[in-house]
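One structure below.
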Amino acid sequence: MNTLYLREIRRRQGPEQKGYPFSLPAVQHLNKLTLSSPVTFFIGENGAGKSTLLEAVAVGCGFNPEGGSKNFSFSSADTHSSLHEWLTLVKGPVRPKDGFFLRAESFYNVASEVDRLSDMPVFSGRNYLDYFGGVSLHEQSHGESFMALMIHRFWGKGVYILDEPEAALSPTRQLAMLARIAQLVREDSQFIIATHSPILMAYPGAQIFSLEEKGIFEMNWEETEHYKITRRFLENPGPMLRELMREE
Ligand SMILES: Nc1ncnc2c1ncn2[C@@H]1O[C@H](COP(=O)(O)OP(=O)(O)O)[C@@H](O)[C@H]1O
Ligand SMILES: [Mg+2]
276 MNTLYLREIR
286 RRQGPEQKGY
296 PFSLPAVQHL
306 NKLTLSSPVT
316 FFIGENGAGK
326 STLLEAVAVG
336 CGFNPEGGSK
346 NFSFSSADTH
356 SSLHEWLTLV
366 KGPVRPKDGF
376 FLRAESFYNV
386 ASEVDRLSDM
396 PVFSGRNYLD
406 YFGGVSLHEQ
416 SHGESFMALM
426 IHRFWGKGVY
436 ILDEPEAALS
446 PTRQLAMLAR
456 IAQLVREDSQ
466 FIIATHSPIL
476 MAYPGAQIFS
486 LEEKGIFEMN
496 WEETEHYKIT
506 RRFLENPGPM
516 LRELMREE
């Protein structure tokens with residue numbers, strides 16, 4: 276696909292930029308990120324600012340900060356940052372036809388909103404839940420409902436912004452997710468994903484931005500801590516385990 280919906284994330288400088296989120300190194304160092312692949316990953320330590328950045332991008336794309344598709348408008352707690360006001364999102368000439376923003380912590384709320392909308396049969400005669408595979412997301416495990424969402428509700432030609440989707444998924448399901456992403460990319464979709472999963476990051480040709488103390492760095496899969504540490508550990512767990520569990 277040569278038509279990316281979102282092409283650049285730029286930060287504008289402003290006068291009163293103190294405290295959260297501007298105090299985060301990832302935000303301080305954010306100047307311009309140029310997206311060149313249909314799949315972009317944000318990686319980095321816990322607390323690096325991945326969710327903050329992802330949320331600001333999602334809000335800039337027109338999503339509800341709580342998550343969901345663009346017609347979701349529920350709100351449970353108004354805690355999102357003002358970062359989106361300081362971002363300029365450079366978009367491509369084609370507008371996406373679909374989209375979904377999935378926050379790490381609010382899948383439960385998204386599931387509740389789907390149930391609520393399902394009680395209103397207003398969507399071209401179909402029950403709204405049919406768009407999600409027909410089974411309440413609450414009545415499936417977290418991983419099952421997430422896969423149902425990816426398979427039934429992501430329609431292609433869309434922008435999908437996902438925060439740590441691997442949290443719910445077994446390694447086998449993460450591989451299935453890679454296959455589903457590839458399918459949706461062939462159908463002109465774009466993904467922006469925050470993740471810790473070395474499996475997901477292996478998506479061929481994906482762009483990986485690492486949010487670090489000294490800046491935001493683009494790197495290859497093999498250069499990521501996730502890949503190096505996981506590989507070292509799996510190849511020879513003994514020495515690492517002994518070191519970690521050594522009594523002082
Ligand atoms: N609403 C908020 N108000 C103040 N600080 C916050 C808020 N949300 C997150 N933070 C802080 O900002 C930092 C980055 O958070 P986050 O973007 O969630 O990181 P990540 O997703 O990379 O783990 C964390 O240290 C967190 O405590
Ligand atoms: Mg996070």
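Here this note's numbering = 1-based position in the sequence shown + 275.
Cβ coordinates follow ideal geometry from the N, Cα and C atoms, glycine included.
None of these values were measured; they are calculated from a predicted model.
{"query": "Hey, how far is the Cα of His304 from the Cα of Gly490?", "result": "5 Å"}
{"query": "List, from N- to C-terminal side, the alpha helix (DSSP H) runs of 4 residues or more that fit wholly inside the stretch 433–470.", "result": "446–461"}
{"query": "Can you round the beta-carbon distance between Glu295 and Gln465 to whole angstroms, since I take them to be within the 8 Å contact cut?", "result": "Note on identity: in this sequence residue 295 is Tyr, with Glu being the wrong assignment. Going by Cβ atoms, the distance from Tyr295 to Gln465 rounds to 28 Å, so no, they are not a contact pair."}
{"query": "Need the endpoints of the beta strand (DSSP E) that Glu487 sits in, please.", "result": "482–487"}
{"query": "Where Glu487 and Pro340 are concerned, what is the direct C-alpha to C-alpha distance, given to the nearest angstrom?", "result": "24 Å"}
{"query": "Comparing alpha-carbon positions, which option in Glu360, Phe338, Val302 lies nearest Ala323?", "result": "Val302"}
{"query": "Starting from Ile318, follow the alpha helix (DSSP H) in both directions and report where the run begins and ends.", "result": "First-last for Ile318: 314–318, but that is the beta strand (DSSP E), not the alpha helix (DSSP H)."}
{"query": "Answer yes or no: do His417 and Glu441 have a C-beta to C-beta separation smaller than 8 Å?", "result": "no"}
{"query": "Out of Ser485, Glu510, Glu493, Leu509, state which residue places its alpha-carbon closest to the alpha-carbon of Glu320.", "result": "Ser485"}
{"query": "State buried or exposed for Ile504, treating a residue as buried only when at least 16 other CB atoms are found within 10 Å of its CB.", "result": "exposed"}
{"query": "Can you tell me the Cα-Cα spacing of Pro446 and Pro313, whole angstroms?", "result": "23 Å"}
{"query": "Could you tell me which uninterrupted alpha helix (DSSP H) segments, each at least 4 residues in length, are contained entirely in the stretch 401–431, listed from first to last along the chain?", "result": "417–423"}
{"query": "Identify the continuous beta strand (DSSP E) that holds Lys307 and give its terminal residues.", "result": "307–309"}
{"query": "If you check the beta carbons only, do Gly342 and Arg287 fall under 8 Å apart?", "result": "no"}
{"query": "How far does the beta strand (DSSP E) with Met494 in it extend, from its first residue to its last?", "result": "490–494"}
{"query": "Between Tyr403 and ligand 1, is there a pair consisting of the residue's CB and a ligand heavy atom that are separated by less than 7 Å?", "result": "no"}
{"query": "Between the alpha carbons of Ser420 and Leu404, how many angstroms are there, rounded?", "result": "12 Å"}
{"query": "Touching or not, the stretch 431–440 and the stretch 371–388, by the rule of three or more beta carbon pairs under 8 Å?", "result": "yes"}
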